[in-house]
Each structure stands twice: as C-alpha cells, then as structure tokens.
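Its first residue numbered 7, the sequence shown is counted upward by one per residue in this note's numbering. Here's the structure we're looking at; comments come further down.
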Amino acid sequence: MLKFYYNPISPNARRVWLTLLEKEIPFESVLVKLDGDQFQPEFVTINPFHHIPVVVDDGFRVVESLAIMDYLEAKYPTPAMLPSEPQALATVRMVQLVTGNELFPQIISLIYESEDSAQAARAKQHIDKVLQFLTQMLGVGVARRRHRSFFGSEQLTLADIVAGIGVLSLPNLGINLSNYTKLYEWSERLMQRPAWQKTKLSAEEFELFKERVRALVKFRRNKANNNK
Ligand SMILES: N[C@@H](CCC(=O)N[C@@H](CS)C(=O)NCC(=O)O)C(=O)O
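What follows is the structure, encoded as structure tokens:
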C-alpha cells in the first residue's frame, strides 16, 4: 500500500493528504514529528533534504509536494484533477506557483513579524494583490463577470488544493476574506467537502504550526549568519 510520510500541521503535506483523500486512494500514513524525526538517518535516506511530504508507492519514492500531486494524478486519474485544455491547465499551474512563490512567503513573514510592523503591512499589501489575482483566475475561460466554481474547472483541481490551504489560513492571521466575495464563496465550497473538514487544523494545531514556522525561520537565519 502507498506510504505517506506527513505531519498534520505541514501545509505541504496537507496538499498531498487532500489529494489522496479527494481521489480516495488507500494509503498508510507515517507521522514525522518535525522536532527531529526528519533528521533521523532512516528518514534522510528517504528524503535527503529532510522535508515532508514523501510518498513511497510500489517501491517508488516521490519527494516535493507538487511532483507528488502530479504523480498521483497520472497514476490514479479518477477523479481528474488536472484539466488538459491549454488555458485551464495554465490557470492551474499559475495558481499553484503564485500560491507557493507569492502567498506563502508573505504568510511566513506575517507569522514571524510582529503584527503592527511595517513589514507586516507590506506583507498584507502583497497578500491583497495575490487575492485579487486569484479572484481573476476564477474568471478565466468564462464570459465577462462570471466565475468558475474552481480554478480552471467546474470540478476541484490540484490548484484548489494548493491555493485553498494558503487562503483558508488567512483569517487565522487577521485577514478577512469577506472583502473578496468570489474567493470567499470558493473557500466556503471547499470547506463543505469532507476531505477538507477532516484535514482542517484546529486552533491549537494552527498555533503549533506558527511556533514551528518561527523556529524554522530562526534556524535558517542563524545558519545564514554563521555562513557569512
Ligand atoms: N518544496 C517542498 C517543501 C517541503 C517542506 O518545506 N516541508 C516542511 C514542512 S511544511 C518540512 O518538512 N520541514 C522540516 C525541515 O525543514 O526540517 C515541498 O513542496 O514538498
């Protein structure tokens, strides 16, 4: 059976967890505690970069959440979660990459910086730009002023999973989605799905996630300073 190395507080692992659940793929989960398990020799053999998620399927190991999602889509194609029509496929990829490259770094910045700092204000401004872009992306491929139910499709796609995890964390960081009506309705659609209810972080887990982010940023900054 497919083995899934994860931790429920990890957003990257949740991408894969949600894909497995939405596709109803049977799997065995292996909990990796992020306060040291990831550096254990047994795990580093599986992922030398000491990151979750990892899946091992039929003896084949895959690291990197986006690569794992593509692998699952190709190997378990039903329900289809990656459209092939050119504009729809480009929309899915844009949403995935903009979430990873533009939204997540700002979420990390908001968690690390004090809420009323100039840096936090800049992060919030950038997040507003991302939310406006995502709203536009829900409108790709439909007549003016109309929106699709999901990114690039009327059915859930891999883009919804990646963006949904980021966007749904924003209210916990003081960013209200109700100013972005189409995105708010989309996020409500996501939260009605059983897989999303099952993997939702409790308030306590979100606090743990924030603690973990602060510890990792500190660790990386110290490492960078020591290498100067
Ligand atoms: N680009 C990787 C990033 C994975 C990643 O950063 N995972 C974090 C948890 S969200 C982790 O395992 N951190 C532990 C560490 O860096 O030691 C992916 O998308 O899978």
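Quick reminder that beta carbons are idealized off the backbone N, C-alpha and C, glycines included. From a predicted model like this one, the values you see are computed outputs, not experimental measurements.
Among the options, nearest to residue i - alpha-carbon criterion
i, options, result
"Phe-215", "Ala-169, Thr-105, Leu-183, Asn-18", "Asn-18"
"Gly-172", "Thr-105, Val-68, Thr-84, Lys-39", "Thr-105"
"Glu-119", "Glu-217, Asn-232, Asn-233", "Glu-217"
"Pro-200", "Leu-27, Leu-174, Gly-170, Met-7", "Leu-27"
"Ala-169", "Arg-99, Ala-230, Asn-185, Glu-211", "Arg-99"
"Lys-39", "Val-219, Pro-83, Tyr-12", "Tyr-12"
"Lys-130", "Gln-102, Val-22, Gln-112", "Gln-112"
"Glu-211", "Met-7, Pro-89, Ser-16", "Ser-16"
Simplified DSSP assignment, three categories, for residue i
i, result
"Ser-16", "coil"
"Lys-188", "helix"
"Asn-178", "helix"
"Leu-207", "coil"
"Asn-233", "coil"
"Arg-199", "coil"
Opposing strand residues paired with residue i [DSSP bridges]
i, result
"Phe-3", "A question about residue 3 goes unanswered here, because the residues of the chain that appear run from 7 up to 234."
"Ser-159", "Phe-156"
Near ligand 2: residue i beta-carbon under 8 Å from a heavy atom
i, result
"Ile-133", "Of the ligands one can find in the structure shown, namely ligand 1, none is ligand 2."
In chain order, which beta strand (DSSP E) runs of at least 3 residues are fully inside the segment 36-84? 60-63, 66-69
Contiguous beta strand (DSSP E) assignments of at least 3 residues, all confined to the segment 76-155: The qualifying runs do not exist here; there are none.
Give the residues whose C-beta lies closer than 5 Å to at least one heavy atom of ligand 1, in chain order. Those residues, listed in chain order, are Ser-16, Asn-18, Gln-44, His-56, His-57, Ile-58, Glu-70, Ser-71.
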